[in-house]
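Using this note's numbering, read the sequence shown as starting at 6 and increasing by one per residue. Note that CB positions come from ideal geometry on N, CA and C, so glycine has one too. Note that this is a predicted model, so its numbers are computed, not measured. Read through the structure below, which is laid out as structure tokens, and then see the notes.
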Amino acid sequence: MRYISHGPKEIDGMLKSLGLTDIKSLYEEIPDTVKLAGEMDIPQPQSEVELRRELQNISKKNKASDYVNFIGGGAYDHYVPAVVNAVVSRSEFYTSYTPYQAERSQGTLAAIFEYQSMISNLTGMDVVNASIYDGASSLGEAILMACNIKKKNKVVLSGAIHPEYITTAQTYSFGADIDAVVTPYTPGFETDWENINNLTDDNTAALVVSMPNFFGVLEDIKQAQKFAREKDIMLIVSANPISLALLKPPSEYGADIVVGEGQPLGNPLNFGGPYLGFMGTKSKYVRRMPGRIVGETVDADGKRAFVLTLQAREQHIRREKATSNICSNQALNALAATVYLSYLGKKGLKDVAYHSHAKARYFIEEAEKNGIKVINSKVFNELVIEVNDLDSKYQKALDSNILPGLKLEKFYPQEKNKLLVAFTEKRTKQEIQELIRILGVS
Numbered sequence: 006m007r008y009i010s011h012g013p014k015e016i017d018g019m020l021k022s023l024g025l026t027d028i029k030s031l032y033e034e035i036p037d038t039v040k041l042a043g044e045m046d047i048p049q050p051q052s053e054v055e056l057r058r059e060l061q062n063i064s065k066k067n068k069a070s071d072y073v074n075f076i077g078g079g080a081y082d083h084y085v086p087a088v089v090n091a092v093v094s095r096s097e098f099y100t101s102y103t104p105y106q107a108e109r110s111q112g113t114l115a116a117i118f119e120y121q122s123m124i125s126n127l128t129g130m131d132v133v134n135a136s137i138y139d140g141a142s143s144l145g146e147a148i149l150m151a152c153n154i155k156k157k158n159k160v161v162l163s164g165a166i167h168p169e170y171i172t173t174a175q176t177y178s179f180g181a182d183i184d185a186v187v188t189p190y191t192p193g194f195e196t197d198w199e200n201i202n203n204l205t206d207d208n209t210a211a212l213v214v215s216m217p218n219f220f221g222v223l224e225d226i227k228q229a230q231k232f233a234r235e236k237d238i239m240l241i242v243s244a245n246p247i248s249l250a251l252l253k254p255p256s257e258y259g260a261d262i263v264v265g266e267g268q269p270l271g272n273p274l275n276f277g278g279p280y281l282g283f284m285g286t287k288s289k290y291v292r293r294m295p296g297r298i299v300g301e302t303v304d305a306d307g308k309r310a311f312v313l314t315l316q317a318r319e320q321h322i323r324r325e326k327a328t329s330n331i332c333s334n335q336a337l338n339a340l341a342a343t344v345y346l347s348y349l350g351k352k353g354l355k356d357v358a359y360h361s362h363a364k365a366r367y368f369i370e371e372a373e374k375n376g377i378k379v380i381n382s383k384v385f386n387e388l389v390i391e392v393n394d395l396d397s398k399y400q401k402a403l404d405s406n407i408l409p410g411l412k413l414e415k416f417y418p419q420e421k422n423k424l425l426v427a428f429t430e431k432r433t434k435q436e437i438q439e440l441i442r443i444l445g446v447s
């Protein structure tokens with residue numbers, strides 16, 4: 006579609022159809038006190054050379070790639086193979102937009118279909134959508150979906166879920182008149198199951214847990230399964246996709262909806278985004294699931310083809326009765342995840358998960374020898390440690406070009422001197438030893 010700006014003739018015609026004489030008449034209802042007085046202070050246009058120079062100067066301020074990164078908390082510094090960028094940057098794919106016309110978008114639709122199939126294999130869920138904006142919004146959508154299915158307006162969330170996921174879920178819930186109750190976490194940074202039992206009642210639609218949780222701990226997921234069955238509520242699980250290469254898929258412990266952040270699958274950190282959220286569910290709930298779904302069919306000649314299917318659920322058809330307000334997806338990010346998973350294969354992904362876990366185990370063993378307290382060692386690739394005089398040691402790490410982790414005090418003021426440290430396959434033994442040297446007992 007070409008963009009041709011409106012000329013004076015078109016503008017006059019539109020104004021006459023509205024019974025107006027000039028453009029300013031469109032804004033008469035806006036108070037003068039909030040209107041811009043005078044011209045905007047906008048710099049003059051720049052040449053390509055000038056613009057490139059300015060952008061390069063801005064980019065030089067970004068030193069993050071010069072640091073050894075132990076920060077996790079939902080986004081992880083995994084290695085992204087060169088083939089991922091080579092494929093996603095091809096002009097045939099280079100758009101973040103969802104394809105609408107099947108006859109023009111078979112390549113993109115086929116890639117999304119493969120993405121859905123791969124996430125289905127990882128999670129064990131019957132159906133997966135074409136992706137959602139990020140892990141937090143996928144959880145918000147899952148809560149709306151569960152309440153819609155159960156015809157109830159309360160959900161109970163583990164306090165060990167990512168705190169930003171919780172606030173996002175509460176925002177989604179507020180607009181839908183859903184009571185999103187959050188339980189506290191235990192001193193060992195696990196879900197407080199007794200508290201969950203007390204908060205679950207006849208109006209509860211779902212229980213929400215994370216596996217592993219925000220603090221890296223592998224939860225007693227059988228407890229979640231037990232509660233969901235006994236209370237006849239849905240179980241929503243937020244999962245780390247890399248961990249699923251080693252852990253049981255959520256389908257095996259009774260998850261009804263599985264969501265999560267897909268960034269670890271071939272997407273760089275990107276200063277916090279764009280990312281992609283994944284969502285999978287049981288086949289019986291497919292018509293209640295939000296987002297686009299790519300299906301396989303045959304064309305008029307009997308050849309294999311792909312289309313956006315079950316669109317009667319969506320906003321452009323059902324409007325206010327749609328399953329969700331989302332009417333797009335994160336196509337480019339989902340493509341990156343597809344290329345990453347295709348390139349690594351089952352064994353390669355398991356290797357990434359194994360080495361990430363092994364680095365965490367090595368840190369635990371060495372940290373305890375150096376006076377660093379590990380709060381809970383039942384983890385996948387991330388853990389909470391307690392460090393004396395954390396602020397000064399944190400700065401010392403930064404001075405050594407090391408990002409030592411995420412201070413829990415940022416989200417939990419009571420958790421002073423607690424650090425959330427993450428490990429991926431990229432971290433070396435030498436880097437871990439240097440981190441321990443800095444954080445250990447002086």
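- Counted as a single uninterrupted DSSP element, the beta strand (DSSP E) harbouring D184 occupies residues 184-187.
- Taking all protein chains shown into account, Y399 has 16 or more neighbouring C-beta atoms within 10 Å of its C-beta and is therefore buried.
- When secondary structure is reduced to three states using DSSP, F75 falls in the coil class, being assigned neither helix nor strand.
- With fewer than 16 other CB atoms across the displayed protein chains lying within 10 angstroms of its CB, M45 is exposed.
- In the assembly as shown, Q335 is a buried residue. Its beta-carbon has 16 or more other beta-carbons within 10 Å.
- A straight-line Cα-Cα distance of about 25 Å links A87 and S125.
- Counting C-beta atoms within 10 angstroms of its own C-beta, K21 has fewer than 16 neighbours from the protein chains shown and is therefore classed as exposed.
- In this structure, the beta-carbon distance from V299 to Q121 falls below 8 Å.
- Counting only the Cα atoms, P279 lies some 16 Å from F98.
- At the C-beta level, V214 and T188 stay beyond 8 Å of one another.
- Its Cα nearest to that of A427, the residue H83 stands out among S64, H83, L41, I47.
- Residue state for R324 is assigned as helix, using DSSP reduced to three classes.
- When DSSP reads this structure, T302 sits in a beta bridge with A310.
- Taking C-alpha positions only, L274 is separated from K431 by approximately 14 Å.
- For L162, the uninterrupted beta strand (DSSP E) run begins and ends at 159-162, by DSSP.
- About 6 Å separates the beta carbons of A233 and G259, which is inside the 8 Å limit, making them a contact pair.
- Collapsing the DSSP output to three states places S243 in a strand.
- Rounded to the nearest whole angstrom, the CA to CA distance from R292 to S329 is 11 Å.
- Take the alpha-carbon of P192 and the one of S397: they are about 25 Å apart.
- T172 and N158 have their C-alpha atoms roughly 17 Å apart.
- About 6 Å separates the CB atoms of L240 and L212; that is less than 8 Å, so the two are in contact.
- Checking the DSSP bridge columns, you'll see S215 partnered with S243.
- If the five residues before and after K364 are omitted, its C-beta is found closer than 6 Å to the C-beta atoms of F428, R432, all from its own chain and listed in chain order.
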